[in-house]
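Heads up, the final residue of the sequence shown is numbered 707 in this note's numbering, and it's a clean run with no missing numbers.
Glycine included, every Cβ here is placed at the ideal spot set by N, Cα and C.
Worksheet for the structure shown next.
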Amino acid sequence: MNFKKLLLILSGGIIPLGFIFYSSVFLATTSCEPPAYTPPQVYYRPIPQFGDLYSFPKYNIPEARKPGSANLTVVITVPEYKDTATQEYVGGAKVAAGGPMTPDMRKVFKSFAGSMGEDIQSQLVAKGMTTKGPFSMAEVTYPDKKGSDLTISTGVIFDIHYSDPKFKERANFEGGISGNVYTTTMSVGMKVFFYMLEPMSEEKMWIKKLDLGVQDFPAEYAVGQEQYQTGTTPRTSDGCGGYYGGHPTYGWRDKGTLYDERAKIFSDILKTAYPQVMKAAWNYLNTDEMLNLKMKSQEIRERKRY
């Protein structure tokens, strides 16, 4: 067998083998089997919880006199909160608010005002006075007014404003809840007024003011979202006796607040202000000055014939 013939025989065997090998590799690498799908991992963040919104530090009395040693009986009114937007009253010092308070902010103020009334009562008792209350002004009875020398009332004016909310992100929360997260800037101004009144007529005899300034804080809140059916797509004939379309369409709508930092910020503001307010009350509610006002209170009663 000559060399050329041998070469032809070998070539005839190698080419088919190469084709078979190539085909096997091609089929292995271009299989019709679809690749395994790995869904994207969804991160579910916890919904923030804000604790300790409603407790305020007890005021430490600098000094105490013998109970009842001052010849003064004073009615203390529980501060009332007035929301200028809703005209609703809840417990707390009387308040005018320039911007809306959330329900949780109202609860914070109610606790603040309750603590304030209790501490003012403790201060007056420590100064030797006899106290009645704390009451709301509407709860003070005629005998309590008649048997008291003075009434102390407290008013708080808040100037609250928010910047236009800005959309921050859409997020998934624990429990499979979706929501939109927004940011805003919260501006809070605060002034506290102390009033000394003649109990029967409620005529003001002096007013003292504590201005706590204005503070700005960034705030964040999230609103839950739920999917709902908005309708269906139009049904259109396919020309063959059937139809296509008629599928449900969906949208998203708000479903309540998931969390709101504004109540926490408001609570922190009041916690910071509380010692200053109580210190001012201790200084303003001076026993000697109040004894002088007691005489003026008696003059008012005589003039008005109570």
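Tell me, which residues are paired with Gly632 by DSSP? Residue pairing by DSSP puts Gly632 in a beta bridge opposite Thr650.
C-alpha distance - Ser602 paired with Arg706, whole-angstrom precision: Distance between the alpha carbons of Ser602 and Arg706: 10 Å.
Would Pro535 be called buried (16 or more neighbouring beta carbons within 10 Å of its own) or exposed? By the neighbour-count rule (16 or more Cβ atoms within 10 Å), Pro535 is buried.
Run of the alpha helix (DSSP H) containing Thr776, from where it starts to where it stops: This structure cannot settle anything about residue 776, because the visible part of the chain is limited to 402 through 707.
Excluding five sequence neighbours on each side, which residues of the same chain lie with their C-beta closer than 7 Å to the C-beta of Val509? The residues are Leu454, Tyr455, Ala664, Phe667, Ser668 and Leu671.
Classify Asp550 as buried or exposed, calling it buried when 16 or more other Cβ atoms lie within 10 Å of its own Cβ. Here Asp550 is buried: its Cβ has 16 or more other Cβ atoms, across all protein chains shown, within 10 Å.
What separation, rounded to the nearest whole angstrom, lies between the Cα atoms of Lys656 and Tyr444? Answer to the nearest angstrom: the Cα atoms are 21 Å apart.
Measure the Cβ-Cβ separation of Gly643 and Thr633 and say whether it is below 7 Å. For Gly643 and Thr633, no; Cβs fall outside 7 Å.
If you draw a straight line from the C-alpha of Pro504 to the C-alpha of Thr658, how long is it? If you draw a straight line from the Cα of Pro504 to the Cα of Thr658, it comes to about 12 Å.
Could I get the ranges of all uninterrupted alpha helix (DSSP H) runs contained in the region 510-563, with 4 residues as the minimum, in chain order? List check, alpha helix (DSSP H) in window: 543-547.
Evaluate Asp612 with the Cβ neighbour count: other Cβ atoms within 10 Å of its Cβ, from every protein chain shown; 16 or more gives buried, anything less gives exposed. Per the 10 Å Cβ criterion, exposed.
Does DSSP put Ser579 in a helix, in a strand, or in coil? Here Ser579 sits in strand by DSSP.
Figure out for me which residue from Thr439, Pro441, Ile448 and Gln442 has the closest Cα to the Cα of Tyr622. Of the listed residues, the one whose Cα sits closest to Tyr622 is Ile448.
For Thr478, report the span of its beta strand (DSSP E) as first-last. Membership of Thr478 in the beta strand (DSSP E) is indicated by the continuous run Thr474 to Thr478.
Top-ranked residue by Cα proximity to Ala527, from Cys641, Val475, Arg446 and Phe595: Nearest C-alpha to Ala527: Val475.
Kindly list the residues whose CB is nearer than 7 Å to the CB of Ser506, restricted to its own chain and excluding five residues on each side of it in sequence; keep chain order. The question names Ser, yet the displayed sequence has Met at residue 506. Contacts found: Arg663, Ala664 and Phe667.
Return helix, strand or coil for Glu700, following the three-state DSSP convention. Here DSSP, grouped into helix, strand and coil, assigns Glu700 to helix.
Once DSSP output is grouped into helix, strand and coil, what is the label at Asp505? Asp505: helix per DSSP, three-state reduction.
Starting from Ala620, follow its DSSP beta bridges and name the residues at the other end. Thr585.
Can you list, in chain order, the residues of its chain with a C-beta nearer than 6 Å to that of Met538? Leave out the 5 residues immediately preceding and following it. Same-chain partners within the cutoff: Thr478.
By DSSP, does Glu627 sit in helix, in strand, or in coil? Three-state DSSP puts Glu627 in a strand.
Measure the alpha-carbon distance for Ser554 versus Met597 and round it to whole angstroms. Here the alpha carbons of Met597 and Ser554 stand approximately 7 Å from one another.
Classify Tyr660 as buried or exposed, calling it buried when 16 or more other Cβ atoms lie within 10 Å of its own Cβ. Around the beta-carbon of Tyr660, 16 or more other beta-carbon atoms lie within 10 Å, marking it buried.
Use the C-beta contact count for Asp689: other C-beta atoms within 10 angstroms, 16 or more gives buried, fewer gives exposed. Exposed, because fewer than 16 other Cβ atoms sit within 10 Å of the Cβ of Asp689.
7 Å Cβ shell around Gly518 - same chain, five flanking residues per side excluded: Excluding residues up to 5 positions away in sequence, Ile477, Val479, Pro480 and Pro535 lie with their Cβ nearer than 7 Å to the Cβ of Gly518 in the same chain.
Output the boundary residues of the beta strand (DSSP E) element that contains Arg571. For Arg571, the enclosing beta strand (DSSP E) starts and ends at Lys567 to Phe574.
Roughly how many angstroms lie between the CA atoms of Arg636 and Tyr651, to the nearest whole one? Going by C-alpha positions, Arg636 is about 17 Å away from Tyr651.
Quick one: what does DSSP say Thr637 is sitting in, helix, strand or coil? Here Thr637 sits in strand by DSSP.
Neighbour-count burial assignment, Ala437, 16 or more Cβ in a 10 Å radius: Exposed.
Quick one: measure Cβ to Cβ for Gly725 and Asp560, integer angstroms, because I've assumed they're closer than 8 Å. This structure leaves residue 725 out entirely; the chain is present only between 402 and 707.
Do Met691 and Leu473 have their C-beta atoms within less than 7 Å of each other? Met691 is a Cβ neighbour of Leu473, given a cutoff of 7 Å.
Mapping DSSP to helix, strand and coil, what is Met601? Three-state result, Met601: coil.
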